[in-house]
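Notes for the one structure printed next.
In the numbering used here, the protein residues as written are 164 to 431.
Here it is, written out as structure tokens:
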């Protein structure tokens with residue numbers, strides 16, 4: 164358990180340090196003096212832009228990956244690919260699609276404070292935002308939260324479901340945004356179960372990538388995406404929303420069954 168907490172703290176510290184450095188350098192390159200730049204950061208008066216935060220995400224991902232791999236807190240190998248897990252990858256993508264509507268409905272029914280909606284919207288509107296949200300985030304978060312944190316919990320806790328739930332809770336907390344926490348926790352349980360069954364982060368990366376990519380695509384094709392509600396998409400019909408949730412479950416449940424039947428652990 165101590166290792167898992169250490170990995171989480173390292174993840175958050177790296178994130179804050181990289182964000183601080185990028186914001187400082189960004190201002191100084193723009194002509195702001197060192198002292199003034201420091202004052203703006205510490206007082207929160209620094210203007211935060213999408214290009215800046217995309218750069219933060221890219222730099223943070225690279226630094227986090229280097230640190231976790233260098234310290235051997237997570238292990239990367241091709242053992243799982245040798246099991247020819249293509250069916251698992253396919254059903255992972257399908258399962259991810261099946262979570263979208265139920266998750267969105269839950270967030271609408273149980274709204275929470277969203278601290279990042281404005282800047283996240285700007286990032287999602289950018290082409291480079293896809294790289295930050297859909298490529299870097301799934302890769303680094305799976306390596307850290309499943310490849311390092313969950314792996315250590317599975318080794319220290321007797322019950323694997325306890326380890327999965329704890330890792331999912333830490334995954335939700337690390338998002339530092341109440342609006343994202345319920346979905347992050349539920350997704351973390353699914354991703355944790357997949358890691359436990361395979362000892363590989365690859366299926367989780369697929370799920371994470373599809374989930375984030377679907378959100379990115381929907382944000383950019385729907386009008387007024389920041390204020391989007393399911394009831395608006397289906398013309399105000401609650402029946403249609405219920406049918407959409409049912410259809411999603413008819414995708415998700417068979418996908419989980421197929422994953423259960425097809426997933427097996429990688430052999431070293």
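Ideal Cβ placement from N, Cα and C applies to all residues, glycine included.
Residue i classed as buried or exposed, judged by whether at least 16 other C-beta atoms fall within 10 angstroms
{"i": "residue 331", "result": "buried"}
{"i": "residue 406", "result": "exposed"}
{"i": "residue 292", "result": "buried"}
{"i": "residue 177", "result": "buried"}
{"i": "residue 319", "result": "exposed"}
{"i": "residue 205", "result": "exposed"}
{"i": "residue 371", "result": "buried"}
{"i": "residue 346", "result": "buried"}
{"i": "residue 380", "result": "exposed"}
{"i": "residue 207", "result": "exposed"}
{"i": "residue 236", "result": "buried"}
Contacts around residue i, its chain only, beta-carbon distance under 7 Å, and the 5 residues preceding and following it disregarded
{"i": "residue 368", "result": "301, 302 and 305"}
Alpha-carbon to alpha-carbon, residue j and residue i
{"i": "residue 421", "j": "residue 361", "result": "14 Å"}
{"i": "residue 419", "j": "residue 196", "result": "55 Å"}
{"i": "residue 232", "j": "residue 169", "result": "15 Å"}
{"i": "residue 321", "j": "residue 164", "result": "11 Å"}
{"i": "residue 228", "j": "residue 295", "result": "14 Å"}
{"i": "residue 240", "j": "residue 341", "result": "34 Å"}
{"i": "residue 218", "j": "residue 225", "result": "11 Å"}
{"i": "residue 111", "j": "residue 182", "result": "This structure leaves residue 111 out entirely; the chain is present only between 164 and 431."}
{"i": "residue 251", "j": "residue 166", "result": "30 Å"}
{"i": "residue 315", "j": "residue 401", "result": "44 Å"}
{"i": "residue 179", "j": "residue 348", "result": "22 Å"}
{"i": "residue 198", "j": "residue 375", "result": "38 Å"}
{"i": "residue 171", "j": "residue 313", "result": "11 Å"}
{"i": "residue 223", "j": "residue 307", "result": "12 Å"}
For the structure I just gave you, are there three or more beta carbon pairs, one from the stretch 335-352 and one from the stretch 179-189, closer than 8 Å?
no
Cβ contact (3+ pairs, closer than 8 Å) linking the stretch 411-418 and the stretch 255-265:
yes
Three or more beta-carbon pairs under 8 Å between the stretch 209-219 and the stretch 280-289, yes or no?
yes
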